[in-house]
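Taking it in order: structure first as structure tokens, then the write-up.
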Amino acid sequence: MRSNALRIKDVAISLFAVLAVWQLICLANLVNPALIPSPAGVWRAAVDMYQKGILLKDLAVSLKRAAIGFTVGASLGIGFGLLTSRTRFFAVALSPLFTLLRPIPAIALVPIAIVWFGIGEESKYFVISYTVFLAVWLNTHHGMSHTPSIYIRAAQSLGASRAVEFLQVVVPASAPYIFAGLRLGAALAFLSLVAAELTGASSGIGYRLDEARQYILVDRMFVGLIELGILGAMLDTIFVAIGRRLVHWEQA
1406 MRSNALRIKD
1416 VAISLFAVLA
1426 VWQLICLANL
1436 VNPALIPSPA
1446 GVWRAAVDMY
1456 QKGILLKDLA
1466 VSLKRAAIGF
1476 TVGASLGIGF
1486 GLLTSRTRFF
1496 AVALSPLFTL
1506 LRPIPAIALV
1516 PIAIVWFGIG
1526 EESKYFVISY
1536 TVFLAVWLNT
1546 HHGMSHTPSI
1556 YIRAAQSLGA
1566 SRAVEFLQVV
1576 VPASAPYIFA
1586 GLRLGAALAF
1596 LSLVAAELTG
1606 ASSGIGYRLD
1616 EARQYILVDR
1626 MFVGLIELGI
1636 LGAMLDTIFV
1646 AIGRRLVHWE
1656 QA
């Protein structure tokens, strides 16, 4: 408990120092205010967006898209990771395809997603799910494929059935990898969210960033970037906390 309090204190001190230096640089006119607004200017822009109802509306829309895309992508990633790691047929048939797809960035899929699904929500869900799926699949596949053979032999020597072997040996051994994939997938969900919202959207954080770019409203752009950073950090903290509770044997 004390260590958590110390970490929070360290983060608060670090952020305060960054904001103080940023504000001093702006007050000293060392940067062009049209390109880099002051923290006070960004705060005023955030308050203005909140009062107009833009901030919370965009937040709600983006969170919904990210949550649905993450849920679909993570579920498929774990499912296919199980298939390709434990069944040779699926490993031969699908692993090369997924390996080929992994280097393709989410933003490159936006045009084809719009052609396939239109400019509605489905295209955005597709782009986000695609990115999350590949990250979760890779970690799940790797974790289940590299379960120490000594664990498997020990379970078999004790007469464990295939189902017991899978549930009590393979799953616990690969759980840290799966959680690592989910953690990475959550971060990538926000990354691909911005790419998905840059085209064919009328709301959301990514859309608002692009709108601010068009009108050169850099303070609003900073609001969107900080919003994404805070959301990502909060989500990552939640995943770390859940992982420590559910995969407690990893800490031993």
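Using the numbering used here, read the sequence shown as starting at 1406 and increasing by one per residue.
Idealized CB from N, CA, C, for every residue including glycine.
- Query: What are the start and end residues of each continuous alpha helix (DSSP H) run of 4 or more residues lying completely inside the segment 1504-1553, in chain order?
  - Reply: 1511-1522, 1526-1550
- Euclidean distance between Cα positions of A1657 and A1638: Locating residue 1657 in the sequence shown gives position 252, where the first residue counts as 1. Locating residue 1638 in the sequence shown gives position 233, where the first residue counts as 1. Here A1657 scores only 47 on pLDDT, less than 50, and its place in the model is too uncertain to base an answer on.
- Excluding five sequence neighbours on each side, which residues of the same chain lie with their C-beta closer than 6 angstroms to the C-beta of A1617? For the purposes of this step, residue 1617 is taken as residue 212 along the sequence shown, with counting starting at 1. R1625, M1626.
- Sorted by chain position, which residues of the same chain lie with C-beta nearer than 6 angstroms to R1613's C-beta, five sequence neighbours on each side aside? Taking the first residue of the sequence shown as 1, we reach residue 1613 at position 208. If the five residues before and after R1613 are omitted, its C-beta is found closer than 6 angstroms to the C-beta atoms of D1463, G1629, all from its own chain and listed in chain order.
- Message: In chain order, what are the residue ranges of uninterrupted beta strand (DSSP E) at least 3 long that sit wholly in the segment 1455-1502?
- Response: none
- Extent of the continuous alpha helix (DSSP H) run through S1579: Working through the sequence shown from its first residue, we reach residue 1579 at position 174. That run of the alpha helix (DSSP H) goes 1576-1602.
- When DSSP labels each residue in this structure, what does A1657 get in the three-state scheme? Reading the sequence shown from its first residue, position 252 is the one you call residue 1657. Caution is warranted here: a pLDDT of 47 is assigned to A1657, below 50, making its placement in the model unreliable, and the coordinate value is therefore given only provisionally. Residue state, collapsed to three classes: coil.
- Item | Same chain, Cβ closer than 6 angstroms to L1481, neighbours up to 5 away in sequence not counted | In the sequence shown, counting from the first residue as 1, residue 1481 sits at position 76. Answer for L1481: F1538, listed in chain order.
- Task: Report, in whole angstroms, the separation of the C-beta atoms of S1443 and C1431, which I expect to be a contact under 8 angstroms.
- Result: For the purposes of this step, residue 1443 is taken as residue 38 along the sequence shown, with counting starting at 1. For the purposes of this step, residue 1431 is taken as residue 26 along the sequence shown, with counting starting at 1. Yes, S1443 and C1431 are in contact; Cβ-Cβ is about 4 angstroms, under 8 angstroms.
- Query: Do you know offhand how far V1645's Cα is from I1512's?
  - Reply: Numbered from 1 along the sequence shown, position 240 holds the residue referred to as residue 1645. Numbered from 1 along the sequence shown, position 107 holds the residue referred to as residue 1512. Computed Cα separation, rounded: 28 angstroms.
- Assign S1607 to buried or exposed, taking buried as 16 or more other Cβ atoms, counted over all protein chains shown, within 10 Å of its Cβ. The residue labelled residue 1607 in the question sits at position 202 within the sequence shown. Exposed: under 16 other Cβ atoms inside 10 Å.
- Please state if the CB of G1474 and the CB of S1534 are separated by a distance shorter than 8 angstroms. Residue numbering aside, residue 1534 sits at position 129 when the sequence shown is read from its first letter. Residue numbering aside, residue 1474 sits at position 69 when the sequence shown is read from its first letter. Yes, these two residues count as a Cβ contact at 8 angstroms.
- By the 10 Å Cβ neighbour count, where 16 or more other Cβ atoms means buried, how is W1394 classified, buried or exposed? Here the chain covers residues 1406 to 1657 and nothing more, so residue 1394 does not appear.
- Message: With H, G and I counted as helix, E and B as strand and the rest as coil, what does DSSP make of V1436?
- Response: The residue you call residue 1436 lines up with position 31 of the sequence shown. DSSP places V1436 in coil when its eight states are reduced to three.
- Report the residue from F1571, I1583, A1496 whose alpha carbon sits nearest the alpha carbon of L1651. Your numbering for residue 1651 matches position 246 in the sequence shown. Answer by Cα proximity: I1583.
- Can you tell which of I1459, P1516, G1458, S1490 has its C-alpha closest to the C-alpha of G1605? Indexing the sequence shown from 1 puts residue 1605 at position 200. Selected option, being the one with the closest Cα: P1516.
- Message: If I measure Cβ to Cβ from F1495 and keep anything under 7 angstroms in the same chain, skipping five residues before and after, which residues do I get?
- Response: Your numbering for residue 1495 matches position 90 in the sequence shown. So the qualifying residues of the chain are L1488, T1489.
- Message: Quick check on DSSP: helix, strand or coil for I1441?
- Response: Residue mapping note: residue 1441 aligns to position 36 of the sequence shown, counting from 1. Coil.
- Reduced DSSP category for A1565 - H, G, I as helix; E, B as strand; rest coil: Here residue 1565 is taken as the residue at index 160 of the sequence shown, counted from 1. Of the three classes helix, strand and coil, the one that applies to A1565 here is coil, per DSSP.
- Message: According to DSSP, simplified to helix, strand and coil, what is L1633?
- Response: The residue given as residue 1633 occupies position 228 in the sequence shown. The answer is helix: DSSP assigns L1633 an H, G or I state.
- Task: Round the Cβ separation of V1541 and G1486 to the nearest angstrom and send it over; I've been treating them as touching at under 8 angstroms.
- Result: Within the sequence shown, numbered from 1, the residue matching residue 1541 stands at position 136. Within the sequence shown, numbered from 1, the residue matching residue 1486 stands at position 81. With 8 angstroms as the limit, V1541 and G1486 qualify as a contact, their Cβ atoms being about 7 angstroms apart.
- Three-state secondary structure assigned by DSSP to A1560: Taking the sequence shown and counting its residues from 1, one reaches residue 1560 at position 155. DSSP places A1560 in helix when its eight states are reduced to three.
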